[in-house]
Amino acid sequence: MNLPPLTQRFVLHFGEMGSRWGINRTVGQIYALLYVSPRALNADEIGEALAFSRSNVSMGLKELQSWNLVRLQHLPNDRREYFQAPEDVWAIFRTLAEERRKREIDPTLSMLRDALMEHPSHADDIHAQARMKQMHDLIELMTGWLADVQKMDSATLVSLMKMGAKVQKLLEMKNKVAGSMKAGLTGRAASPTVAATPSDAPEPAAAPANLPDDTRS
4 MNLPPLTQRF VLHFGEMGSR WGINRTVGQI YALLYVSPRA LNADEIGEAL AFSRSNVSMG
64 LKELQSWNLV RLQHLPNDRR EYFQAPEDVW AIFRTLAEER RKREIDPTLS MLRDALMEHP
124 SHADDIHAQA RMKQMHDLIE LMTGWLADVQ KMDSATLVSL MKMGAKVQKL LEMKNKVAGS
184 MKAGLTGRAA SPTVAATPSD APEPAAAPAN LPDDTRS
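Throughout the sequence shown, residue numbering follows the numbering used here, covering 4 to 220 in sequence.
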């Protein structure tokens, strides 16, 4: 199974980038091959295409399965196992984000929560705990946003990502409006109340003339 030039370049690039993403070259190339393959592949086909040993292919597939990045399939009248990457790229994004959260973010968040429960007495520890609080709040904000993203369907997520700078402009406009309203309220509170002067007060109405005698006191 010889890879065409464009596919080969993509697969090799993923292998080179693998170490920067926390995976080895073998896993990166296997995933890249499954991602662009028009059909599910078995371990023998993967090994032949990438010139990997059967044991390396087996370990790479197990790693990808642990990340929920490949699906196992069985074909009729074929006892071999076939593997395929999800077709929806946004489903892949959500899976990667969720797995990285569980493996990398949650342990750190748990440690920070424990640290914030303590009552340090040393000045350096008090300063350190304050810095930890800032990190904790940032991570919680990001994980909360990620949890909201995970609930979105692909179409909604695409729309959100395309908004980009529009969201920033909307927030800037909101801040300007809020600032103007605050300034207006502050200005009103600072203005003294002007008392009515005698010249401002309305004059009493004149008694009507020529009233009958029995109406006068």
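The beta-carbon is built from N, C-alpha and C at its ideal position, and this holds for glycine as well.
Since the structure is predicted, the reported quantities are computational estimates derived from the model, not experimental observations.
Residue i to residue j, Cα distance in whole Å?
i: residue 98; j: residue 26; result: 16 Å
i: residue 111; j: residue 144; result: 14 Å
i: residue 83; j: residue 63; result: 17 Å
i: residue 95; j: residue 67; result: 12 Å
i: residue 113; j: residue 146; result: 13 Å
i: residue 102; j: residue 55; result: 26 Å
i: residue 69; j: residue 24; result: 16 Å
i: residue 109; j: residue 116; result: 10 Å
i: residue 224; j: residue 172; result: As displayed, the chain neither begins before 4 nor continues past 220, which places residue 224 out of reach and without an answer.
i: residue 169; j: residue 13; result: 33 Å
i: residue 16; j: residue 34; result: 12 Å
i: residue 47; j: residue 57; result: 7 Å
i: residue 71; j: residue 121; result: 37 Å
i: residue 50; j: residue 81; result: 18 Å
i: residue 175; j: residue 186; result: 16 Å
i: residue 188; j: residue 131; result: 40 Å
Please state whether the Cβ-Cβ distance between residue i and residue j is less than 8 Å.
i: residue 91; j: residue 157; result: yes
i: residue 135; j: residue 119; result: yes
i: residue 100; j: residue 149; result: yes
i: residue 43; j: residue 11; result: no
CB-CB under 8 Å to residue i, same chain, minus the five flanking residues each way: which ones, in chain order?
i: residue 28; result: 18, 19, 21, 22
i: residue 228; result: The structure shown does not extend to residue 228, since the chain is modelled only from 4 to 220, so the question has no answer here.
i: residue 155; result: 163
i: residue 182; result: none
State the DSSP-derived secondary structure class of residue i, mapped to helix, strand or coil.
i: residue 17; result: helix
i: residue 74; result: strand
i: residue 5; result: coil
i: residue 55; result: coil
i: residue 80; result: coil
i: residue 11; result: helix
i: residue 27; result: coil
Could you check how far apart the C-beta atoms of residue i and residue j are, in whole angstroms? I think they sit under 8 Å.
i: residue 152; j: residue 141; result: Contact flag wrong, Cβ pair sits at about 17 Å.
i: residue 85; j: residue 59; result: About 18 Å; that fails the 8 Å criterion.
i: residue 76; j: residue 53; result: Rounded, the Cβ-Cβ distance is 19 Å, inconsistent with contact.
i: residue 74; j: residue 89; result: 7 Å
So, for residue i: in the same chain, excluding its five sequence neighbours on each side, which residues have a beta-carbon less than 6 Å away from its beta-carbon?
i: residue 9; result: none
i: residue 129; result: 123
By Cβ distance below 7 Å, which residues in the same chain neighbour residue i in space, the five residues on each side in sequence not counted?
i: residue 133; result: none
i: residue 30; result: 21, 63, 66, 67
i: residue 78; result: 85
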